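In UniProt numbering, the protein residues as written are 1 to 229.
All C-beta atoms in this analysis are idealised placements derived from N, C-alpha and C, irrespective of residue type, glycine included.
Here the structure is a predicted model, which means the values were calculated and not measured.
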């Protein structure tokens, strides 16, 4: 069994493992127990009472966090020449088409989000084996396949994230940075949780939100009292 580091022990000492914290208190405490020498990511893990293997219980969607993620999201806009200027003006980091398709074929995937147009999706199909496992394949359901490229780029840059329940029934998402005020962490977390609640599948029976944990990079997880959300 791995030995706890001194910082990990200090963090554990500040936590009551048997307590369910309010979202407000947990958002303040997660900052206290973050002991890394960089601006750690704040992550939310929500365990849902669904069976993702069944199509009618799949939960996926998008949410625009009110305070952004704190992360500089690198966006590639795969667009036709007539859309290049609006993609650049909206803040896309990389803009083009055939040259970037070739780069991806050659193994380049140094981006966080790819936004494209319906007419380009045919060219992206053969790249599914590269983009799919990395979560980079554009999808109309998440707003990354659209004719309004400028709007899509601007939303992603402003803090729009997409999420999908994993096979284990858990939704993981990075929702903030440790440098955020506790109130902003709580508001971002609340936005994602409430979005998940709205997406409850009708086929899901019994308890839908089973547990919620808030943590930062390398910190212990804080159990959130669901009633406080």
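Secondary structure at residue 36: coil, using DSSP grouped into helix, strand and coil. With fewer than 16 other beta carbons inside 10 angstroms of its own, residue 55 counts as exposed.
Around the beta carbon of residue 43, 16 or more other beta carbons lie within 10 angstroms, which makes this residue buried. In the DSSP annotation of this structure, the continuous segment of the alpha helix (DSSP H) that includes residue 85 starts and ends at 84 to 89. Per the coordinates, the alpha-carbon of residue 219 lies some 6 Å from the alpha-carbon of residue 34.
Residue 190: not part of any beta strand (DSSP E); member of the alpha helix (DSSP H) spanning 182 to 198, first to last residue. Rounded to the nearest whole angstrom, the C-alpha separation of residue 142 and residue 135 is 12 Å. Note on geometry: alpha-carbon atoms of residue 151 and residue 90 lie some 7 Å from one another.
Listed in chain order, the alpha helix (DSSP H) runs fully inside the region 54 to 126 are 84 to 89, 98 to 105, 121 to 124, counting runs of at least 4 residues.
The shortest CA-to-CA distance from residue 197 to any of 181, 222, 214, 165 is the one to 165. The Cβ atoms of residue 178 and residue 161 lie no closer than 8 Å to each other.
Taking C-beta atoms as the reference points, residue 149 and residue 83 count as a pair closer than 8 Å. In this structure residue 137 does not touch residue 117 by the C-beta definition: roughly 14 Å separates them, more than the 8 Å allowed. Looking from the CA of residue 106, the closest CA among 50, 126, 121 belongs to 126.
One thing to note: residue 59 has its Cβ no nearer than 8 Å to the Cβ of residue 214.
Out of 71, 180, 110, 45, the CA that lies nearest to the CA of residue 28 is found in 180. Under the three-state reduction of DSSP output, residue 42 falls in the strand class.
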